[in-house]
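Here the structure comes first, spelled out in structure tokens, and everything after it is commentary.
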Amino acid sequence: MKPITRIAPSPTGFLHVGTAHTALYNWLFTRKERGKFILRIEDTDIKRSTSAMSDVIIESLKWLGLKWDEGPYFQSDKFPVYKKYADLLLEKGAAYFCYCTPEELAAKKNEAILQKKTRKYDRKCFNLSDDEKKKLENKNKAIRFFIPDGKVSFEDGIHKRVERNSDDIEDFVIFKSDGTSSYNLSCVIDDHELGVTHVIRGEDHLVNTFKQIFLYRAFGWEPPKFVHHPMILGTDRSKLSKRHGAVSVLDYKKQGILPEALVNFLALLGWSPGDDREILSLSELTELFSLDRLGRTASVFDIEKLEWMNGEYINKLSDEELLNRILSLPESRQPTTENREYMLKVVNILKSRMQRLTDFMKISDYFFEDPTQYESVGVEKSFKIPEINQRLTLIKDRFSELSRVGGHSSPEESFNLETIESAIRELAGELGIKAALLIHPIRLALTGRTGGPSLFHIIELLGRETVVRRLEKASLFLNELK
RNA sequence: GCCCUCAUGGUCUAGGGGUUAGGACACCACUCUUUCAAGGUGGGGACAUGGGUUCAAUUCCCAUUGGGGGCGCCA
């Protein structure tokens, strides 16, 4: 039988990386086994769910490349169905009305915490006499499931047999007084109705599973297979949250992370192929994936490793593709068609220095505009030399002359990697100094920086006109420095 | 407080009764180089603790400690 899985996000926020992690495992398993992957939006909390968030979640899933075969289904469309099943449980005596107000319950809970006692519903409404129930009939009421005595256990795909005593589980609300259903009820009904065979979800749901097993029993349904994978933690080993940085998939997109890198990174957080391979595409992951290679320990989200991996993916992209990705960023400068070729060259020269797409904006500025300031360490090292102004003038003159020397027909032809390099090296030789003593100040003058790609390549790319202009500007700056 | 669960370097992990405990990120050094990256080479660093079982335990069992999760008319 082909497996049927699902991802069931709640649209009360953006797509969390933890949800993406779970979605990925479900997706990989389903693709590998050629089953069906369903998207179900769990929006039963009508006060906090928004359709805007549903859209964002759907968009994020698409961006990651995790396509679903069926859905999205919205649980808010099915409240009458859930109500029908809740009534069924009522009839069977497996559930009962609860008239307690949230305030009342909260007060009891606080009291229990204060007294360090177990905070479990006291079954007040279950124990009401028929007379008392009659009086309350028209009051707002929720429906609670009655937990029978005994033990519950199930076989988890990762944890093997897990067991829990009924005494430790409270009668939980399956249907709220506002006419909406509650998580465990709608989840069980939908998993059953959709024919879900494998529930692969985070370990935070492990305890819910006991409640859900009771529900399956009460309905007389066969429960699916459960696999509760470990969670992703922040660097301080607490639950991954906003204070650890970005937690939404869209944030990573905005920050210049490639979806293939994020997916690859997430896959390796709690799963490994068994060998030493780490850079794995979605199709390779699918090929290698297996549920029994899932680990059992929670893992820390290490942004540095993600960045490294992203850099690997960036380097594997063609210049053309990389440029497209950079241009898709909202803050990127849009090239005119004329300078697309130029952009491609800049991308090529900067590629190995990028870990995020957004790095391009940070390190490419001087390819598009003259530097407005010079790095102070560079000024100290390279500009505060007595002969510096004279040297920059000399090299500027050499560059200007390049258009005249040789038998070249056009100035640009004579201004290339080879002639640029020899102009600089020859001048250094004539001055009796090391080439580095020219190269560093020139770099600073042209880029405002002390580091970057090969200077000769930069000069060639910038073109003679820009180079000469910037050298002149640097001279002005040097005059003011004195 | 009660319940569930986990434990290999700083981080992600492989492994498994006998291994020089393997790889990756990060870190350090060297190398390449006009610089910064990238690349290459090398290096330091781990089986939480205590009891068992066994000829042998990091691996199996138990306890402790530590971590994570849950205990909502949230999902």
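Its first residue numbered -9, the first sequence is counted upward by one per residue in our numbering.
Virtual Cβ for every residue (Gly too), placed ideally from N, Cα, C.
Please read these numbers as outputs of a predicted model, since none were measured by experiment.
query: Among Gln105, Arg343, Gly83 and Ser143, which one has its Cα closest to the Cα of Leu196?
result: Measuring from the Cα of Leu196, the nearest candidate turns out to be Ser143.
message: With distance defined between alpha-carbon atoms, name the residue in Lys110, Glu274 and Ser444 nearest to Glu160.
response: Ranking the options by Cα distance to Glu160, first place goes to Lys110.
- prompt: Do you know offhand how far Asn174's Cα is from Phe204's?
  reply: Using only the alpha carbons, I get a separation of about 10 Å.
task: Using 10 angstroms around the beta-carbon of Val367, count the other beta-carbons present and answer buried if the total reaches 16, otherwise exposed.
output: Residue environment: Val367 is assigned as exposed (fewer than 16 neighbouring CB atoms within 10 Å of its CB, all protein chains considered).
- prompt: From Met221 to Ser238, what distance separates their C-alpha atoms?
  reply: In this model, Met221 and Ser238 are separated by some 15 Å (Cα to Cα).
field: Contact under 8 Å by Cβ, Ile410 with Ile449
entry: Taking the C-beta atoms as reference points, Ile449 is found nearer than 8 Å to Ile410.
query: Three-state secondary structure (DSSP) at Thr276?
result: Under the three-state reduction of DSSP, Thr276 is assigned to helix.
query: Smallest Cα separation from Arg343: which of Lys232, Ser354 and Leu334?
result: In terms of Cα proximity to Arg343, the closest of Lys232, Ser354 and Leu334 is Ser354.
message: Contact between the segment 301 to 310 and the segment 246 to 261 is defined here as three or more beta-carbon pairs at a separation below 8 Å; is this criterion met?
response: Short answer: they touch.
Segments assigned alpha helix (DSSP H), at least 4 residues, entirely inside the segment 65 to 92: List check, alpha helix (DSSP H) in window: 69 to 82.
query: For Phe165, which residues does DSSP report across the bridge?
result: Its beta-bridge partners are Ile133 and Ser171.
Where His398 sits in the DSSP three-state scheme: Note on His398: pLDDT 49, under 50, position unreliable in the model; the coordinate value appears next. Under the three-state reduction of DSSP output, His398 falls in the coil class, being neither helix nor strand.
message: Rounded to the nearest angstrom, what separates His398 and Leu434 at their Cα positions?
response: Note that His398 scores a pLDDT of 49, beneath 50, so its modelled location is shaky and nothing firm can be said.
- request: Let me know the secondary structure DSSP gives Tyr364 once reduced to three states.
  value: Coil.
- prompt: Could you give the residue range of the alpha helix (DSSP H) that holds Glu420?
  reply: DSSP places Glu420 in the uninterrupted alpha helix (DSSP H) bounded by Leu407 to Leu421.
- prompt: By Cβ distance below 8 Å, which residues in the same chain neighbour Val458 in space, the five residues on each side in sequence not counted?
  reply: Within the same chain, Cβ atoms closer than 8 Å to the Cβ of Val458 are found at Lys386, Phe389 and Ser390, the five residues on either side in sequence being excluded.
- prompt: Since Ser171 and Phe279 are thought to touch, with beta carbons under 8 Å apart, how far apart are those beta carbons, to the nearest angstrom?
  reply: Distance from Ser171 to Phe279 at the Cβ level is roughly 33 Å; contact not present, criterion being Cβ atoms closer than 8 Å.
task: Examine the Cβ distances between the segment 280 to 291 and the segment 147 to 165 and report whether three or more of them are shorter than 8 Å.
output: Result yes; three or more Cβ-Cβ pairs closer than 8 Å.
- prompt: Is Lys26 closer than 8 Å to Lys(-8) when the C-beta atoms are compared?
  reply: The Cβ-Cβ distance between Lys(-8) and Lys26 falls below 8 Å.
Close-in-space but distant-in-sequence residues of the same chain around Met299 (CB under 8 Å, 5 per side omitted): These residues qualify, in order along the chain: Ala251, Asn254, Phe255, Glu268 and Ile269.
message: Tell me which residues share the same chain as Val337 and place their Cβ nearer than 6 Å to its Cβ, disregarding the 5 neighbours each side in the sequence.
response: Contacts found: Asp309, Leu312 and Leu313.
message: Under 8 Å: do the segment 28 to 47 and the segment 227 to 237 share three or more Cβ pairs, one atom per stretch?
response: Short answer: they don't touch.
- prompt: Rounded to a whole number of angstroms, what is the C-alpha to C-alpha distance between Asn128 and Gln202?
  reply: About 29 Å.
Contacting residues, own chain, Cβ-Cβ under 6 Å from Ile164 (five flanking each side not counted): For Ile164, where only same-chain residues beyond five positions count, the Cβ hits under 6 Å are Ala76, Ile133, Phe135, Ser172 and Leu175.
message: Let me check one thing: in DSSP terms, what residues is Ser521 bridge-paired to?
response: Because the chain is modelled from -9 through 472, residue 521 falls outside the range shown and cannot be assessed.
query: What is the DSSP secondary structure of Leu445, counted as helix, strand or coil?
result: Reduced to three states, the DSSP call for Leu445 is helix.
message: Tell me the DSSP secondary structure of Ile269 in three-state form.
response: Coil at Ile269, not helix or strand.
task: Count the other C-beta atoms from every protein chain shown that fall within 10 angstroms of the C-beta of Asn16, then say buried if there are 16 or more, exposed otherwise.
output: Answer is buried; the Cβ neighbour count reaches 16.
- request: For the segment 271 to 278 and the segment 206 to 221, state whether three or more C-beta atom pairs, one from each stretch, are separated by less than 8 Å.
  value: Counting Cβ pairs under 8 Å, fewer than three are found: no touch.
- prompt: Count the other CB atoms within 10 Å of the CB of Pro376; is the residue buried (16 or more) or exposed (fewer)?
  reply: Flag for Pro376 reads exposed.
- prompt: Excluding the five sequence neighbours on either side, which residues of its own chain have a C-beta within less than 7 Å of the C-beta of Phe486, listed in chain order?
  reply: There is simply no residue 486 to check, as the chain begins at -9 and stops at 472 in what is shown.
- prompt: Expressed to the nearest angstrom, what Euclidean distance is found between the alpha-carbon atoms of Ala85 and Asp157?
  reply: Each residue's CA atom was taken as its position, placing Ala85 and Asp157 some 17 Å apart.
message: If I follow the unbroken beta strand (DSSP E) through Val458, where does it start and stop?
response: It is not in any beta strand (DSSP E) - Val458 instead sits in the alpha helix (DSSP H) that spans Arg454 to Leu471.
message: By the DSSP assignment, the beta strand (DSSP E) with Glu145 in it spans what residues?
response: Start and end: Lys141 to Asp146.
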